[in-house]
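Trainee: Counting from 1, position 570 in the sequence shown corresponds to residue 574 in the working numbering; the numbering is continuous, with no gaps.
Below is one structure. I have some questions about it.
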Amino acid sequence: MTETTRALAEAGRSGAHDEPAVHLLDGAGAPATLIGGKAAALDRLIGWHFPVPAAAAVTAAAYRLVARGPTVTAVLARLADGDDIDAEEIDDAFHRDGLPADIAEQVYTAAARVGNGLAVAIRSSATVEDMDTSSFAGQYVSVLDVEATDPAAVERAVLTVFASLHHPAPRAYRRALGVAADDAAMAALMMPMVPALRSGVLFTQDPTGSPGTMRIETVAGLADVLVSGKRTPQVTLVRDGALPSQAAAPELASLVTLAQDIARRTGCAQDVEWAWDGERLWIVQARPITVTATAPDPLDTPVGLLAHREFTTTGIAEMLPGVLGPLRWDICSYAVEEALRGMFGALGSLPCLEDSRRRLLVRVDGRAALDNSLAAAPPSGSIGRLERLRHRRRALRARRHARFDADVAIQAAADIDSAARDLTGLPSSELLRYHCALIDLLVRAMTAEVTVAADAGAIHAGLQVLLARYLPEPQAQRLAAAAAVPDTALVPNRRASAAIPAGPTWLELGIDPPETSVVTDHRTVLDQIREAVEAGPRRPSTAIGRWLTQRRVERLTGEAAAQLARREAAKQAILLLGGEIRRIHLEIGAWLADRGVTADLLDVELLTVRELRTALRDDFAPARAELARRRRWLRRHEQRDPLPQRFTGVPQATRAAAPSGQRMTGWAAGAGRFRGVARHLTDPGQPLRPDEVLLAVTTDPSWAPLLMRCGAMVIEQGGPLSHAAILAREFGVPAVFNLPGAAAALDGRLVDVDGDTGAVTVLEEEEADVAPRP
Numbered sequence: 005m006t007e008t009t010r011a012l013a014e015a016g017r018s019g020a021h022d023e024p025a026v027h028l029l030d031g032a033g034a035p036a037t038l039i040g041g042k043a044a045a046l047d048r049l050i051g052w053h054f055p056v057p058a059a060a061a062v063t064a065a066a067y068r069l070v071a072r073g074p075t076v077t078a079v080l081a082r083l084a085d086g087d088d089i090d091a092e093e094i095d096d097a098f099h100r101d102g103l104p105a106d107i108a109e110q111v112y113t114a115a116a117r118v119g120n121g122l123a124v125a126i127r128s129s130a131t132v133e134d135m136d137t138s139s140f141a142g143q144y145v146s147v148l149d150v151e152a153t154d155p156a157a158v159e160r161a162v163l164t165v166f167a168s169l170h171h172p173a174p175r176a177y178r179r180a181l182g183v184a185a186d187d188a189a190m191a192a193l194m195m196p197m198v199p200a201l202r203s204g205v206l207f208t209q210d211p212t213g214s215p216g217t218m219r220i221e222t223v224a225g226l227a228d229v230l231v232s233g234k235r236t237p238q239v240t241l242v243r244d245g246a247l248p249s250q251a252a253a254p255e256l257a258s259l260v261t262l263a264q265d266i267a268r269r270t271g272c273a274q275d276v277e278w279a280w281d282g283e284r285l286w287i288v289q290a291r292p293i294t295v296t297a298t299a300p301d302p303l304d305t306p307v308g309l310l311a312h313r314e315f316t317t318t319g320i321a322e323m324l325p326g327v328l329g330p331l332r333w334d335i336c337s338y339a340v341e342e343a344l345r346g347m348f349g350a351l352g353s354l355p356c357l358e359d360s361r362r363r364l365l366v367r368v369d370g371r372a373a374l375d376n377s378l379a380a381a382p383p384s385g386s387i388g389r390l391e392r393l394r395h396r397r398r399a400l401r402a403r404r405h406a407r408f409d410a411d412v413a414i415q416a417a418a419d420i421d422s423a424a425r426d427l428t429g430l431p432s433s434e435l436l437r438y439h440c441a442l443i444d445l446l447v448r449a450m451t452a453e454v455t456v457a458a459d460a461g462a463i464h465a466g467l468q469v470l471l472a473r474y475l476p477e478p479q480a481q482r483l484a485a486a487a488a489v490p491d492t493a494l495v496p497n498r499r500a501s502a503a504i505p506a507g508p509t510w511l512e513l514g515i516d517p518p519e520t521s522v523v524t525d526h527r528t529v530l531d532q533i534r535e536a537v538e539a540g541p542r543r544p545s546t547a548i549g550r551w552l553t554q555r556r557v558e559r560l561t562g563e564a565a566a567q568l569a570r571r572e573a574a575k576q577a578i579l580l581l582g583g584e585i586r587r588i589h590l591e592i593g594a595w596l597a598d599r600g601v602t603a604d605l606l607d608v609e610l611l612t613v614r615e616l617r618t619a620l621r622d623d624f625a626p627a628r629a630e631l632a633r634r635r636r637w638l639r640r641h642e643q644r645d646p647l648p649q650r651f652t653g654v655p656q657a658t659r660a661a662a663p664s665g666q667r668m669t670g671w672a673a674g675a676g677r678f679r680g681v682a683r684h685l686t687d688p689g690q691p692l693r694p695d696e697v698l699l700a701v702t703t704d705p706s707w708a709p710l711l712m713r714c715g716a717m718v719i720e721q722g723g724p725l726s727h728a729a730i731l732a733r734e735f736g737v738p739a740v741f742n743l744p745g746a747a748a749a750l751d752g753r754l755v756d757v758d759g760d761t762g763a764v765t766v767l768e769e770e771e772a773d774v775a776p777r778p
């Protein structure tokens, strides 16, 4: 810690309380709600060890105290009533009331020490400034060349910055963005005036250039003449990180490296202000570029963390379907991440992650994807016989624990549902405790479910391999799939989330969950397997061999059915817990809306978990403009196609290649044949007649009523143990899975779906004999 930093820390501690009037930028991550967007961005850079000059902020808490002064209060009341007041009168009101004496002393001390013999710049840092969709660039006032040892000059500059929050131009800007006056506050950022030989601005993505192009604008001396447009800069374009040969300034190479690192860490293109004093390069501001149309959703996993990594949506698209808003993503991604790590850890196959930020689960275009390279990583070391034995022992132990945990979670979810706890009037602290307890239980249930599902998949694969010794592959696949059906179909609880934990419940959607009394007769399936093996050309040659084979088939069939039944019950428990979490969210959402913290109870879904807890505890939430921005991002994501099944880095906006020809083949997942017109649906609420074939990219449990009603189904993603495949077998619906591009290619076409062979054939009209499936 430098002498200046130490002195500032001591100044900040004097008179310290929950919201200090003066805050040292020390890299600890002070929120923008306290020190404003500009200062918060610099504080983050300090924490990442970028070269930022010593800085301190006169906080939004100090601004609010000044705003309570009599003259300022009167002016703000007139503004609220719709009066037009010019900037000069607003400035005069703030200057008249002045800083409270104790705060003024802290400000003088901090300014003198930040300057450390130099003049200081006192710059605006509003709580709604330098956001990724609205920078407010040039809207507020900053004061340069303030004599740091002149208390009167420092105070006047700080008050001028505070007053600029209410100048006509930024007030109009906020109205255009839907930012309420009460959502905005001002902090004043104090920094030394760097004695710059050259300075300027670097755009890590040239807003007017091709992708991969940086733009550096340089002027001699201070960059204020550039920002104000008083001087034409020298422009240097940097393509793919390579400086042009004529770029002679020694600081540019370091500048490019620093800017690339800032963009990588922040996850989006940046507008970086810099200064070169002849010996050292300084970063004096960094904010998201708001004019580029390709800026990523800040809630998505940063692009830099996706590069060169392989991802898949197989399986995860059913667990976490659709576009996930901030609150749902926070909860569900945490639960699934912990569940996957728990399963891989128990099996000894979780690789060592060199970068702690690297997650198994990522959010891309608002949707969930799984790091395929991590998930598929084998146990470290050689895979010899001893290692296989160890792995088998770990798998058996994991299976026992998962069965126990699944049964506990199933019973706990049922008990919670039976209790039907009244949430009305619960203290906020009790709501938060209950919320945390439910999330902990959700993680335990999810960990058990993914382990049980993996075990069921392994048993099913073993059964298919065994049958393939004696039967042709398609027949072995079909019989193994027929055996992998639970004894009875579970009926979802109306209070459970329909599709995803913490998502809307069946009750909320006004939809009755599917009811059935279907019972699977495994004796009949076993008889079919025995008869097929007996009639096959590769049947066991001896009676004892046939008996042993039959016993193995019975054991594997029983284990697969039992584990699949447990998996389905665990899924039901997860969705039931999700419904209870949803109930808490709606209670909190109504509470926040009633107090004016948010505009609508469903705005709660636009908060992160941390923001939810802060809002409940402190009656404070992100600005309405920020929530509106998040809502726009969700709508934009919903208009895009689902993610491809496999992709590397950032997926390209291209559809899956449509299958060609009149006949295409996928995974057979439901018995029988059906002919009908295929309809591509993207939402389970869309209409579908019983004489039509359902086409979808992927499905989730909320599609169950449609899956039971359709004539047949063709699903682009999924396999023989997916939820939809199990339903297809339970209800005798012909089904084919794993046909990428089929939804677009077959929409509106007359097709024949063969659930026994996995074939889908496009028919001519005269070939059709269309009738509803009985």
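Glycine included, every Cβ here is placed at the ideal spot set by N, Cα and C.
Note that the structure is predicted; figures quoted are calculated from it, not measured.
How long is the line joining the alpha carbons of residue 267 and residue 274, rounded to whole angstroms?
Mentor: Position 263 of the sequence shown, counted from the start, is the residue given in the question as residue 267. Position 270 of the sequence shown, counted from the start, is the residue given in the question as residue 274. When rounded, the distance between both Cα atoms is 6 angstroms.
Trainee: Taking 6 angstroms as the cut-off, is the beta-carbon of residue 619 closer than that to any non-hydrogen atom of the ligand GTP?
Mentor: For the structure depicted, the ligand GTP is absent and the ligand set is empty, with no information on it obtainable.
Trainee: Can you list, in chain order, the residues of its chain with a C-beta nearer than 7 angstroms to that of residue 53? Leave out the 5 residues immediately preceding and following it.
Mentor: Within the sequence shown, numbered from 1, the residue matching residue 53 stands at position 49. Contacts found: none.
Trainee: Given this structure, state the Cα-to-Cα distance separating residue 153 from residue 278, to the nearest angstrom.
Mentor: The residue given as residue 153 occupies position 149 in the sequence shown. The residue given as residue 278 occupies position 274 in the sequence shown. About 25 angstroms.
Trainee: Can you tell me where the beta strand (DSSP E) holding residue 280 begins and where it ends?
Mentor: As a first step, residue 280 is located in the sequence shown; it is residue number 276 there, counting from the start. Counting along the chain, the beta strand (DSSP E) containing residue 280 begins and ends at 274 to 280.
Trainee: Could you tell me the distance, in whole angstroms, from the CA atom of residue 330 to the CA atom of residue 610?
Mentor: In the sequence shown, residue 330 corresponds to position 326, counting from 1. In the sequence shown, residue 610 corresponds to position 606, counting from 1. Answer to the nearest angstrom: the Cα atoms are 5 angstroms apart.
Trainee: Just to confirm the assignment, what range does the beta strand (DSSP E) spanning residue 207 have?
Mentor: In the sequence shown, the residue the question calls residue 207 occupies position 203. That run of the beta strand (DSSP E) goes 202 to 207.
Trainee: Give the range of the beta strand (DSSP E) segment to which residue 220 is assigned.
Mentor: Locating residue 220 in the sequence shown gives position 216, counting from the first residue. Here the beta strand (DSSP E) through residue 220 covers 217 to 224.
Trainee: So is residue 346 buried or exposed if we call it buried at 16+ other beta carbons inside 10 Å?
Mentor: In the sequence shown, the residue the question calls residue 346 occupies position 342. Residue 346 should be labelled buried.
Trainee: Taking the alpha-carbon positions, what's the residue 586 to residue 608 distance?
Mentor: Taking the first residue of the sequence shown as position 1, residue 586 is located at position 582. Taking the first residue of the sequence shown as position 1, residue 608 is located at position 604. One C-alpha to the other measures close to 10 angstroms.
Trainee: Thinking C-beta only, is residue 474 closer than 7 angstroms to residue 562?
Mentor: The sequence position of residue 562 within the sequence shown is 558, counting from 1. The sequence position of residue 474 within the sequence shown is 470, counting from 1. Against a cut-off of 7 angstroms, the Cβ pair of residue 474 and residue 562 comes out as no contact.
Trainee: For residue 366, which beta-bridge partners are listed by DSSP?
Mentor: In the sequence shown, the residue the question calls residue 366 occupies position 362. 373.
Trainee: Identify the continuous alpha helix (DSSP H) that holds residue 717 and give its terminal residues.
Mentor: Reading the sequence shown from its first residue, position 713 is the one you call residue 717. No alpha helix (DSSP H) holds residue 717; the beta strand (DSSP E) holding it covers 716 to 719.
Trainee: In terms of residue numbering, what span does the alpha helix (DSSP H) encompassing residue 258 cover?
Mentor: Here residue 258 is taken as the residue at index 254 of the sequence shown, counted from 1. Counting along the chain, the alpha helix (DSSP H) containing residue 258 begins and ends at 255 to 270.
Trainee: May I ask you to report which of helix, strand or coil DSSP gives residue 196?
Mentor: Within the sequence shown, residue 196 is the residue found at index 192, counting from 1. Residue state, collapsed to three classes: strand.
Trainee: Rounded to the nearest angstrom, how far is the Cβ of residue 131 from that of residue 145, given a contact under 8 angstroms?
Mentor: Here residue 131 refers to the residue found at position 127 when the sequence shown is read from its first residue. Here residue 145 refers to the residue found at position 141 when the sequence shown is read from its first residue. Rounded, the Cβ-Cβ distance is 16 angstroms, inconsistent with contact.
Trainee: Between the Cα of residue 309 and those of 733, 438, 730, 653, spot the shortest distance and give me the residue it belongs to.
Mentor: Start at 1 with the first residue of the sequence shown, and residue 309 comes out as number 305. Selected option, being the one with the closest Cα: 653.
Trainee: Around the C-beta of residue 382, are 16 or more other C-beta atoms found within 10 angstroms, so that it is buried, or is it exposed?
Mentor: Counting from 1 along the sequence shown, the entry for residue 382 is found at position 378. Because the pLDDT of residue 382 is 48, which lies under 50, any placement of that residue in the model is unreliable, and the question is left without a value.
Trainee: Around the Cβ of residue 415, are there at least 16 other Cβ atoms within 10 angstroms (buried) or fewer (exposed)?
Mentor: For this step, residue 415 is matched to residue 411 along the sequence shown. So residue 415 ends up on the exposed side.
Trainee: Along the chain, where does the beta strand (DSSP E) containing residue 148 start, and where does it finish?
Mentor: As a working note, residue 148 is residue 144 in the sequence shown. Segment 147 to 150, the beta strand (DSSP E) holding residue 148.
Trainee: State the Cα-Cα distance for the pair residue 206 and residue 46, rounded to the nearest angstrom.
Mentor: By one-based count along the sequence shown, residue 206 stands at place 202. By one-based count along the sequence shown, residue 46 stands at place 42. C-alpha separation (whole angstroms): 16 angstroms.
Trainee: List in chain order: all unbroken alpha helix (DSSP H) runs of 4+ residues lying wholly within the segment 36 to 80.
Mentor: Here the runs fully enclosed are 36 to 51, 64 to 71.
Trainee: Decide yes or no for the touch test of the segment 66 to 76 against the segment 214 to 224: beta carbon pairs closer than 8 angstroms, at least 3 of them.
Mentor: Judged by Cβ distances under 8 angstroms, the segment 66 to 76 makes no contact with the segment 214 to 224, as fewer than three pairs qualify.
Trainee: Please report the straight-line C-alpha distance between residue 637 and residue 565, rounded to a whole angstrom.
Mentor: The residue given as residue 637 occupies position 633 in the sequence shown. The residue given as residue 565 occupies position 561 in the sequence shown. Computed Cα separation, rounded: 42 angstroms.
Trainee: Straight-line CA distance for residue 480 to residue 593?
Mentor: Looking up residue 480 in the sequence shown gives position 476. Looking up residue 593 in the sequence shown gives position 589. Spanning the two alpha carbons is a distance of roughly 52 angstroms.
Trainee: Do you know how far the Cα of residue 580 is from the Cα of residue 508?
Mentor: For the purposes of this step, residue 508 is taken as the residue at position 504 of the sequence shown. For the purposes of this step, residue 580 is taken as the residue at position 576 of the sequence shown. Distance between the alpha carbons of residue 508 and residue 580: 11 angstroms.
Trainee: Determine, using beta carbons only, whether residue 32 and residue 66 come nearer to each other than 7 angstroms.
Mentor: Here residue 32 refers to the residue found at position 28 of the sequence shown. Here residue 66 refers to the residue found at position 62 of the sequence shown. No, these two residues do not count as a Cβ contact at 7 angstroms.
Trainee: Hey, residue 500 and residue 455: beta-carbon distance below 7 angstroms or not?
Mentor: The sequence position of residue 500 within the sequence shown is 496, counting from 1. The sequence position of residue 455 within the sequence shown is 451, counting from 1. No. Outside cutoff.
Trainee: Alpha carbon to alpha carbon, how far is residue 137 from residue 736?
Mentor: Position 133 of the sequence shown holds residue 137. Position 732 of the sequence shown holds residue 736. Residue confidence is low: residue 137 scores 45 on pLDDT, short of 50, so the model does not pin down where it sits. No coordinate-derived value is stated.
Trainee: Among 304, 412, 595, 34, which one has its Cα closest to the Cα of residue 365?
Mentor: Numbered from its first residue, the sequence shown carries residue 365 at position 361. With distances taken between Cα atoms, residue 365 lies closest to 304.
Trainee: Nearest CA to the CA of residue 210: which residue from 126, 588, 150, 264?
Mentor: Residue numbering aside, residue 210 sits at position 206 when the sequence shown is read from its first letter. Ranking the options by Cα distance to residue 210, first place goes to 264.
Trainee: Would you please state the rounded distance, in angstroms, between the beta carbons of residue 671 and residue 740? I believe it to be under 8 angstroms.
Mentor: Taking the sequence shown and counting its residues from 1, one reaches residue 671 at position 667. Taking the sequence shown and counting its residues from 1, one reaches residue 740 at position 736. So it is a contact: roughly 7 angstroms between Cβ atoms.
Trainee: Do residue 317 and residue 576 count as a contact pair if the criterion is CB distance below 7 angstroms?
Mentor: Here the question's residue 576 lines up with position 572 in the sequence shown. Here the question's residue 317 lines up with position 313 in the sequence shown. Contact flag unset, no.
Trainee: Please identify the residue among 651, 94, 707, 678 whose C-alpha is closest to the C-alpha of residue 690.
Mentor: In the sequence shown, residue 690 corresponds to position 686, counting from 1. The option with the nearest alpha carbon to residue 690 is 707.
Trainee: Let me know if residue 528 comes out buried or exposed under the rule of 16 or more other beta-carbons within 10 Å of its beta-carbon.
Mentor: By 1-based counting over the sequence shown, the position of residue 528 is 524. By the neighbour-count rule (16 or more Cβ atoms within 10 Å), residue 528 is not buried but exposed.
Trainee: Taking residue 760 and residue 325 to be in contact with their CB atoms under 8 angstroms, please state how far apart those CB atoms are, rounded to whole angstroms.
Mentor: By 1-based counting over the sequence shown, the position of residue 760 is 756. By 1-based counting over the sequence shown, the position of residue 325 is 321. With 8 angstroms as the limit, residue 760 and residue 325 do not qualify as a contact, their Cβ atoms being about 28 angstroms apart.
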